[in-house]
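Read left to right, the sequence shown gives residues 1 to 430 (UniProt numbering).
To keep things clear, I will list the structure first and then write my remarks on it.
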Amino acid sequence: MAFDDKMQQAYERDYHTSGNRVGLGLIGATGLLSAISTLVLLGYIMWHSFLNKHRELPMVQGIRSFTHSALGVFLINLLLSDLIQGAAFSINFKWAADGNMYPSTACTAQGSVSQVGDLGSAIWSLAIAYYTFSLLFLFKKPPRWLTWLIFILGWSIIIILPIIGPNGIENVKTRGPFYAISGAWCWVGDGYQLERFLYVYMWIFLSLGTSLVLYGLVYLRFSGHLVVENGKLVWNRSSSGWSFGSFITGVTSTSTHTRQSTVPRPPEITQTNGIGKHLKTISKRLMLYPLVYSIVTIPVAVCRIGTLAGWKPPFGLYIFAGITFSSSGITNVMLFVATRHSLLRKSVAIQPRIRVTTHQVTVLEDVHGIQAIHLNNLTIASPTDDVASEKVISEDGGSVMSTKYAASSRSTEASSIPHYSNPTTPAAPR
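Below you can see the structure in the form of structure tokens.
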């Protein structure tokens, strides 16, 4: 089939009216703001992670710790994808100034760059959703090799697909250029509906659907409606309700008898170093990023589904979808600014901490929770010293008083007690 006059409409479209120009300009402005905001945030994170010499500052420690975690890596990749996507949408300023859209180097550039950003946002939102689900529902931290696998596969797909399109799939004579006009911006052309689905639609719908299912399960787990007994999920009708600040684990009652659940115990009970608790607190904050992505992609998803079904969405709906879709970077930056204290200060808490007791036992914890215990100048303790007061140096420079059981009420002289390291908690994979 020849590329006839009807398909020629995909080559050039006239948007000379003032309303259309304003709409195209708003998409460009939103994309530019997203690109600038994410660039500033990424620069801020990179500066404190690698260049800032004041490493002893709590905020610097928090950023360094967070960026070296799997969740931090996924979030940085999501912000980088938002930056690329915003840069692509900023090309809409050209279409607004010209009053029409037509095949050109600018259209090809916008389509290819937009493909990288759109696909990256979907993949990294999906990665964050999976990781937070593993921490909050399964109470398991994914192994380090899986983080590297997701990272390598993710970027491989993001980079390879945009290259294959124009070089291995494009057929201008029968289907038109691969990157062409698509609504109110340039992307994969109208002659490549299957490729549109495989390139972005599939990943967007996969991210939306997976996030909905995974976070629905997390809600049921937190509310106590789902418990694990003998390795199986069991519905608990007598749940006390949603409790987002704590984890519903341990004992669950469904009748007059007490029934024990095989759900892992909460980290605040089973992990003395508190690393599990901090990771779960961070993951609850990061859970908002895939949810925000789901919201900003709904309008464009409606347009794309309608196109596949044979419906031609009005240009105004494309404008609205473009504005919301291009605002992904701005919303993620605002979300980071709003939750940065929770993310970074909790990361600081995972940094090495010093605990000093009245028995003059110094406990040093590294980032993996391995404790090195130093016993110095111990004297004979009385039986009433079984419960010792403990001073913990917190991440913000303050101190918190707590009680801790002493290991023994009878101690020998410090000279007879060797200096040793005791890894009380196995190292958690980064």
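We treat Cβ as the ideally placed atom computed from N, Cα and C, and that holds for glycine.
For residue i, the nearest candidate out of the options (CA to CA)
i	options	result
N77	V116, K94, P143, K53	V116
F205	M46, V234, L126, I181	L126
Y102	M46, A180, S49	A180
E170	Y192, I157, W185	Y192
T307	L194, L51, S37, I330	L194
L198	I160, E12, S37, A88	I160
G25	W155, W185, G165	W185
V200	T297, T339, W311, V22	T297
M287	G154, S207, M202	S207
I91	T17, I27, T339, G209	I27
A97	V22, Y215, M202	V22
residue 452	M202, F139, T339, V292	The structure shown does not extend to residue 452, since the chain spans only 1 to 430, so no value can be given for it.
V292	I305, R221, Y215, W311	Y215
Boundaries (first-last residue) of the alpha helix (DSSP H) holding residue i
i	result
E229	That residue, E229, is in no alpha helix (DSSP H); its beta strand (DSSP E) goes 226 to 229.
W95	92 to 98
F325	315 to 326
P290	288 to 308
W124	105 to 136
residue 431	The structure shown does not extend to residue 431, since the chain is modelled only from 1 to 430, so the question has no answer here.
S81	70 to 89
Cutoff 7 Å; reference residue i; Cβ partners in own chain excluding five residues on either side
i	result
F320	P299
C303	G183, P313, L317, Y318, A321
P429	With a pLDDT of 44 at P429, under the threshold of 50, the modelled position of this residue cannot be trusted; read the value that follows with caution. Result list for P429: K141, P143, R144, in chain order.
L33	I330
P162	S112, Q115, V116
W203	L119, A122, I123
S37	G329, I330, V333
Sequence-distant residues of the same chain with beta carbon closer than 6 Å to residue i, five excluded per side
i	result
L42	L79
T30	I323, S326, S327
G72	F66
G19	none
V337	none
S211	A129, P290, S294
W187	G111, S114
T147	A70
K94	A106
S49	I63, R64, T67
A88	Q110, V113, S114, G117
P166	F178
E12	Y102
G154	I123
Same chain, Cβ closer than 8 Å to residue i, neighbours up to 5 away in sequence not counted
i	result
D14	G99, N100
Y289	L75, L78, S125, I128, N332, L335
I157	L119, I123
A10	Low confidence applies here, because A10 scores a pLDDT of 45, under 50, leaving its location unreliable; read the following figure in that light. If we look at A10 and ignore the five residues flanking it on each side, its Cβ neighbours are G176, A180, I181, G189, D190, G191.
H16	G99, N100
Continuous beta strand (DSSP E) stretch holding residue i: start and end
i	result
L220	First-last for L220: 202 to 223, but that is the alpha helix (DSSP H), not the beta strand (DSSP E).
L198	Unbroken run through L198: none, as it is neither H nor E.
W235	232 to 235
Inside the stretch 150 to 189 only - alpha helix (DSSP H) runs reaching at least 4 residues
172 to 175
Three or more C-beta pairs below 8 Å linking the stretch 81 to 101 and the stretch 126 to 143:
no
Using 8 Å as the threshold, is the stretch 63 to 75 in touch with the stretch 105 to 120, meaning 3 or more CB pairs across them?
no
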